[in-house]
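If you read the sequences in order, they're chains V and L.
Its first residue numbered 1, the first sequence is counted upward by one per residue in our numbering.
Its first residue numbered 458, the second sequence is counted upward by one per residue in our numbering.
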Amino acid sequence: MKRALTLAAGLVALAATPATAQNVAITNATVATGDGSDPVEGATVVVRGGKVVAAGAGVAVPAGVQVLDGSGTWVTPGLFATVTNLGLWDVGAVRESNDIRAGGSPFSAALDVAPVVNPASQHILIHRAAGITRAAVSGAASGSIFAGQGAIIDLGSDAQAVTRPRAFQVVELGEGGARLAGGSRASAQALFRNALLEAGEFERNGTITSPGGGRGITRQGDDIGIDRRMARTARDRASDVLLTRFDAAALVPVARGEQPLYVMVERAADIRSALALKQEFPRLDMVLVGASEGWLVAREIAAAGVPVIADGLDDLPQGFDQLASTQSNIGRMVKAGVKVAINAAAMENPRNLNQYAGNLVALTRIPGADGLSWGQAFAAISSVPAAISGMAGKAGVLAPGAMGDLVIWDGDPLEVGSMPVKVFIDGVEQPLDNHQSRLKERYRDLDESDLPKAYDW
Amino acid sequence: MLRSDCIGGFMKEHVSLACAAALAVAGCSTTGGSDGVASASAKDWDAPVGADGNAPFPSTYTPYPGRPTALVGATVYDGTGGRIDNGTVLFRDGKVVAIGDASLSTEGYDLIDGSGKFVTPGIIDIHSHLGDYPTPSVAAHSDGNEATKPMTPEVWAEHSVWPQDPGFTRALANGGITALQILPGSANLTGGRSVTLKNVAARTVQGMKFPGAPYGMKMACGENPKRVYGGKGRTPSTRMGNFAVNRQMWLDAQAYDGKKRDLGKETLKGVLDGEILIHNHCYRADEMALVMDMAKEMGYKVTAFHHAVEAYKIGDLLRENDVCSAIWADWYGFKMEAYDGILENAAFLRQAGACVVVHSDDANGIQRLNQEAAKAQAAGRRVGIDIPDAEVIGWITLNAAKAMGIDEMTGSLEPGKMADVVLWNDDPLSVYARPEKVWIDGALMYDAMDRKRRPVSDFELGQPGEGDVK
Numbered sequence: 001m002k003r004a005l006t007l008a009a010g011l012v013a014l015a016a017t018p019a020t021a022q023n024v025a026i027t028n029a030t031v032a033t034g035d036g037s038d039p040v041e042g043a044t045v046v047v048r049g050g051k052v053v054a055a056g057a058g059v060a061v062p063a064g065v066q067v068l069d070g071s072g073t074w075v076t077p078g079l080f081a082t083v084t085n086l087g088l089w090d091v092g093a094v095r096e097s098n099d100i101r102a103g104g105s106p107f108s109a110a111l112d113v114a115p116v117v118n119p120a121s122q123h124i125l126i127h128r129a130a131g132i133t134r135a136a137v138s139g140a141a142s143g144s145i146f147a148g149q150g151a152i153i154d155l156g157s158d159a160q161a162v163t164r165p166r167a168f169q170v171v172e173l174g175e176g177g178a179r180l181a182g183g184s185r186a187s188a189q190a191l192f193r194n195a196l197l198e199a200g201e202f203e204r205n206g207t208i209t210s211p212g213g214g215r216g217i218t219r220q221g222d223d224i225g226i227d228r229r230m231a232r233t234a235r236d237r238a239s240d241v242l243l244t245r246f247d248a249a250a251l252v253p254v255a256r257g258e259q260p261l262y263v264m265v266e267r268a269a270d271i272r273s274a275l276a277l278k279q280e281f282p283r284l285d286m287v288l289v290g291a292s293e294g295w296l297v298a299r300e301i302a303a304a305g306v307p308v309i310a311d312g313l314d315d316l317p318q319g320f321d322q323l324a325s326t327q328s329n330i331g332r333m334v335k336a337g338v339k340v341a342i343n344a345a346a347m348e349n350p351r352n353l354n355q356y357a358g359n360l361v362a363l364t365r366i367p368g369a370d371g372l373s374w375g376q377a378f379a380a381i382s383s384v385p386a387a388i389s390g391m392a393g394k395a396g397v398l399a400p401g402a403m404g405d406l407v408i409w410d411g412d413p414l415e416v417g418s419m420p421v422k423v424f425i426d427g428v429e430q431p432l433d434n435h436q437s438r439l440k441e442r443y444r445d446l447d448e449s450d451l452p453k454a455y456d457w
Numbered sequence: 458m459l460r461s462d463c464i465g466g467f468m469k470e471h472v473s474l475a476c477a478a479a480l481a482v483a484g485c486s487t488t489g490g491s492d493g494v495a496s497a498s499a500k501d502w503d504a505p506v507g508a509d510g511n512a513p514f515p516s517t518y519t520p521y522p523g524r525p526t527a528l529v530g531a532t533v534y535d536g537t538g539g540r541i542d543n544g545t546v547l548f549r550d551g552k553v554v555a556i557g558d559a560s561l562s563t564e565g566y567d568l569i570d571g572s573g574k575f576v577t578p579g580i581i582d583i584h585s586h587l588g589d590y591p592t593p594s595v596a597a598h599s600d601g602n603e604a605t606k607p608m609t610p611e612v613w614a615e616h617s618v619w620p621q622d623p624g625f626t627r628a629l630a631n632g633g634i635t636a637l638q639i640l641p642g643s644a645n646l647t648g649g650r651s652v653t654l655k656n657v658a659a660r661t662v663q664g665m666k667f668p669g670a671p672y673g674m675k676m677a678c679g680e681n682p683k684r685v686y687g688g689k690g691r692t693p694s695t696r697m698g699n700f701a702v703n704r705q706m707w708l709d710a711q712a713y714d715g716k717k718r719d720l721g722k723e724t725l726k727g728v729l730d731g732e733i734l735i736h737n738h739c740y741r742a743d744e745m746a747l748v749m750d751m752a753k754e755m756g757y758k759v760t761a762f763h764h765a766v767e768a769y770k771i772g773d774l775l776r777e778n779d780v781c782s783a784i785w786a787d788w789y790g791f792k793m794e795a796y797d798g799i800l801e802n803a804a805f806l807r808q809a810g811a812c813v814v815v816h817s818d819d820a821n822g823i824q825r826l827n828q829e830a831a832k833a834q835a836a837g838r839r840v841g842i843d844i845p846d847a848e849v850i851g852w853i854t855l856n857a858a859k860a861m862g863i864d865e866m867t868g869s870l871e872p873g874k875m876a877d878v879v880l881w882n883d884d885p886l887s888v889y890a891r892p893e894k895v896w897i898d899g900a901l902m903y904d905a906m907d908r909k910r911r912p913v914s915d916f917e918l919g920q921p922g923e924g925d926v927k
C-alpha cells in the first residue's frame, strides 16, 4: 500500500513539472527580495515569461497567471553560490570521478571548466533541492598558482548548465600560492607578475619570446630599484618564458581587465600585496577570495573597490595566514563598505550557505561581535554573489526583469532546517528529486515482509 | 574543516596539510562508549595507579570556584527529554541542586534572569580531534594517526593532545561544549585509546582529563585502513583484509595472560573486560552489521558507530544490539562509503528506537552541534517524524554522555550531577542562538557579556586577534 502511494505521488510530481516557463504568482507570502532589505510579510511575487515581473506588498496579480497561495511560506530569489565545484565531481575521494584538480596537467590558466560541468551531477540535483539556483564553478589550483577559468552555471534540470563560460580566472597567492609556486610567497608573486607580463606581451605581439638585453635599473630614491625587464613597461624582456601559449592566451582577458581575477588570499599582508598588484596592473578586475583577515584591512579593500568572497565562519588559526580570523570578519568588512559574499567553498557543502548567513545574523546579539542584518545576510548569498559574478540585477534578486529564479521555503530561509517547497529557475518549476530523496523514500520504514528493499522503488 | 579539507573542498583544500598530506583520510575518527565506568585495567597488570584510580597519567582537574546560582525564567531542556517552561535551575558547589518550575525557592543563590532564554546541559561532543589535530593545521601538529601499522591499540590520544589548541576555546564560546572525547584518527583498524576531557583550559592534558571517565578505543572499518595500508603494499588492502586483521588481533588479545606488560594488549583486554568502550568509525550499513557480529564472536561490545551515515538502513539491528550511532546532520558524498548519506538519518534511527548522537569530527562543526541537531530534527519533521525539541537536545548531551560512559556524572540537569550548564540567548535549535554563559562544574568559564571571561590560548597571545570574540 505504501509503495503504491509513493508511486502515485511520484507520477503527480512528474506531471506537475512542465519544461517551459510558467506564469505564476505567489501571494500572501513573506518575501525577501535579496537586495539587502528586510523581508516583507503578506507580499506577492509575479513571474511571467521566465522573468520576475514584480515583488512586494500590494502587487496586483495580472490576469492569466496561475496563483499559488503562499500563506505560511517564504519566497526569495534562488540562492547564488560562489565559489563551488558543483558538477565537477561525483565522489570526492574517488579520483576517477573528480575533475577538481589537475596537478599533472601541462596547463593551468587555460583550464576551462565550461565543457566539463555535468548537469546531471547529484550535487547539482541535491543543491537545487536546497534552493541554490545558480553558482560559480571552478577547479582548484594544483599544478600552478592558476586554477583556470571558472564558469557560471544554473542548476536547472536541463542539459545546459553553463550560462557563462570563462567568467573568471582563479589564482592562489598567499600560503597556498606559495606552496604551488615552489615554496615561497615571493615565488608566487614573481610567477604571477611574470605571467601577467607574458600575457600582455602575448597580446601585443602574438608571441611571448622577445630579444634580450636592455639591462637597467629603475631607481626610486635610495631603494635598489626593479630591473626594467621586470617592469611592465619594459619592451625587452628576457626569453624566460614560463607560460605555455595556451595559458598566456587564457590570461590575456585577465590582463585586459575583461575577465575578473579571483585572488585567493587570507593574511592581511597578503591582501595588501594583492591590492598593490592593482597599482602595477591597473586594469585588473580583482575579487578577493577567502580573506580571513580581511577585517584588519577592510578600509583598504573598500578603497580599492575590490569585492570579497569571504569565508563566513572561519574563526580558527587554520594556518599562520589566518591568525586573526573571526566570525565577525564579514560584518566588519561590510561595515567598512566592502561588498562581501559568503564563500560557498568554506563550508562542508554549499547547501550550508543559508545556515552560515543565519549565523552572521546571530552575531549581532553578541557584544563585541559584528554581524549582518537579516537582509544583508541574505544578500550575501543572493544578490551580492550574483553581482560579483556579473549578474547584478539579473540573478539573486526579485526585481522586475530579473531571471525568474525563486524559491518557496517552508520557513525562514536562514533558519536551520528550513527547506524549499518549490524551486523555479527561469520561471520553470524544477524537480527536487535526487539520490538522497529516493533513499529517504525507500528507507522511510524497514519493512521487508513481502520483498527485499531492492524492490521498493 | 579537517575532513572536508581532506577531500572535496575547492578553496580550503590546501589548508589542511596535516590531514591531506598524512592520509587524506576522510572522517578521521570513530569511537563511542556505553555504560559502566571503566578504568585503565591497571589493577590487572600492576601499572602505576593515579590519584583518581585511573592509571597512569591521572586527571589533575579540579573544578574552579563558582557562585551558588539560580537560573530563573528560562525554558529548560534537561537533557533527558524533559522541558520546563519558565523553569528554575539551581546549582552550587559544582553540582546541580534542583531543577523545577518557578515555585522553587532561590534563597541563597545568585539570581540570573533567563527570561526569553534557554538552558541546557553542557553540550558534549563524542567525536573530536581538538588537540590531536590542533590548529594551526601544520604538519608539525599532525598527531592524530599513528599510521605506521594497522593496529595501534598501544597509543593513547592524550599523549597527542595539545592543550593550547585554540579550537577548545571556540568550542566553548560558540558551541557551549563542556566535555568532549578526543579520538585517534581512522587510518588504523585499531587506532588507540581515546581520552575524555572537560573543556576547561589547562596547562597540561591531565588538567583537562574528565575525572572518572572510562577510556574508549578507536576502531575504523572500511576505506581508510585499507587505503592507507593497501597503498603501502601492506595488509589490509581490502575490506576482507580489514576483518581478518581485526579478528586475529582479538584472538591474540584473548590469549594474553597479563604476566608481562604489553601496552596494546592491556588496552584490548580492557575492551574484552568491558572497561574500555569501543568507538567504531564505520559508514556502511553492511559493514556495521558485520562488525557487530565480530564483536559477538570475540566477546566485546561496540558502544557506538561513528560517522554512521548509513545507520538508517539498519536502525532495527542497531536497536537490537544496543549500539549508538554518532552522526553528522548532512555530510555526504566526500568518499564512496559516504555516498548514501541522507538528512533523515537521525530521524529514521529514532523512529526505529535506536540511539542517536550528533557528533562533529570537526573543529568548526563542534561550534554548532546544536544547529546540526536542529537540521536533523527538521528533516524528520518534513517526513512526518516529529521529535520534541527537548529530546533533540539529548542527542548532543545525555546520549553522548551515555555513549562515553559519563552519564552518571554529566549530560543532564539532574540533582547531584556536575553543574555543566549552558544559558543560551535564544532557542538552541535556532540558528540565531548563541551561548551567553557556560558553566563547567558550577564555575563560569564563558560569559558573552564579559569580554575577559573567555579563555585565550597561549598560542594566540600577542598575535593578531588576541581575545577577539572569534
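Note that CB positions come from ideal geometry on N, CA and C, so glycine has one too.
Against Ala369/V, the close residues of chain L are Val926, in the order they occur along the chain (beta-carbon pairs closer than 7 Å). Residues of the same chain with a CB within less than 7 Å of the CB of Pro591/L, apart from the 5 flanking positions on each side, are His598, Trp619, Asp622, Gly624 in chain order.
Going by DSSP, Leu747/L is part of the alpha helix (DSSP H) stretching over 742 to 755. Look at Met902/L here: in three-state DSSP terms it is strand.
Within chain V, no residue has its CB atom less than 8 Å from the CB of Gln711/L, the nearest being about 34 Å off. Using a Cβ distance threshold of 9 Å, Pro885/L and Thr577/L count as a contacting pair.
Its chain contains Leu242 as the residues whose beta carbon lies nearer than 7 Å to that of Asn194/V, once the 5 sequence neighbours on both sides are disregarded; these appear in chain order. Counting every other CB atom within 10 Å of its CB across the protein chains shown gives Ser572/L a total below 16, marking it as exposed.
According to the DSSP assignment, Gly673/L belongs to the beta strand (DSSP E) that extends over 673 to 677. In the structure shown, the three-state DSSP call for Asn737/L is strand.
Boundaries for Ser97/V: no beta strand (DSSP E) harbours it, and the DSSP string shows neither H nor E there.
The Cβ-Cβ distance between Ser382/V and Asn329/V does not fall below 9 Å. Leu284/V and Phe168/V have their C-alpha atoms some 12 Å from each other.
The shortest CA-to-CA distance from Pro119/V to any of Trp374/V, Val52/V, Asp154/V, Gly92/V is the one to Asp154/V. Among the bridge pairs identified by DSSP, Ile26/V is matched with Val45/V, Leu68/V. Residues of the same chain with a CB within less than 7 Å of the CB of Val265/V, apart from the 5 flanking positions on each side, are Leu173, Gly174, Ile271, Ala274, Leu288, Gly290, Ala291 in chain order. Excluding residues up to 5 positions away in sequence, Ile581, Ile583, Val814 lie with their Cβ nearer than 6 Å to the Cβ of Ala857/L in the same chain. Residues of the stretch 801 to 825 of chain L that bring their beta carbon within less than 7 Å of a beta carbon in chain V comprise Glu801, Phe805, Ala809, Ala820, Asn821, in sequence order. Rounded to whole angstroms, the separation of the alpha carbons of Asp714/L and Ala129/V is 58 Å. The continuous stretches of beta strand (DSSP E) do not include Ala302/V, which lies in the alpha helix (DSSP H) extending over residues 298 to 304.
For Lys832/L, the C-beta contacts it makes with chain V under 7 Å involve Val416, Gly417, in order along the chain. With a beta-carbon spacing of about 24 Å, Leu68/V and Ile126/V fall beyond the 8 Å limit used to define contacts. Counting the other CB atoms within 10 Å of its CB gives Pro400/V a total below 16, which places it among the exposed residues. Note on geometry: alpha-carbon atoms of Val75/V and Gly358/V lie some 16 Å from one another. When the beta-carbon positions are compared, Ser418/V and Ala555/L stay at least 9 Å from each other. Short of 8 Å from the beta carbon of Gln322/V, and not among the five residues preceding or following it, lie these beta carbons of its own chain, in chain order: Glu266, Arg267, Ser292, Glu293, Asp314, Leu316.
Shortest Cα-Cα distance from Gln638/L to any of Ala596/L, Ala783/L, Ala701/L involves Ala783/L.
The Cβ atoms of Ile366/V and Ala677/L lie no closer than 9 Å to each other.
In the pairwise beta carbon analysis, the stretch 39 to 49 of chain V is classified as not touching the stretch 346 to 358 of chain V: fewer than three pairs are separated by under 8 Å. With respect to chain L, the C-beta atom of Ile366/V has a partner C-beta closer than 9 Å.
Nearest to Gln318/V by C-alpha distance, out of Leu587/L, Asn802/L, Leu747/L, is Leu587/L.
Residue contact check for Pro317/V against chain L: a CB pair falls below 9 Å. One finds Gly790 in chain L with Cβ atoms closer than 8 Å to the Cβ of His123/V, taken in chain order. Taking CB atoms only, Gln322/V has a neighbour in chain L less than 9 Å away. Contact annotation: in the stretch 640 to 660 of chain L, no residue has its CB less than 9 Å from a CB in chain V. Boundaries of the alpha helix (DSSP H) harbouring Glu203/V: 185 to 205, taken from the DSSP string.
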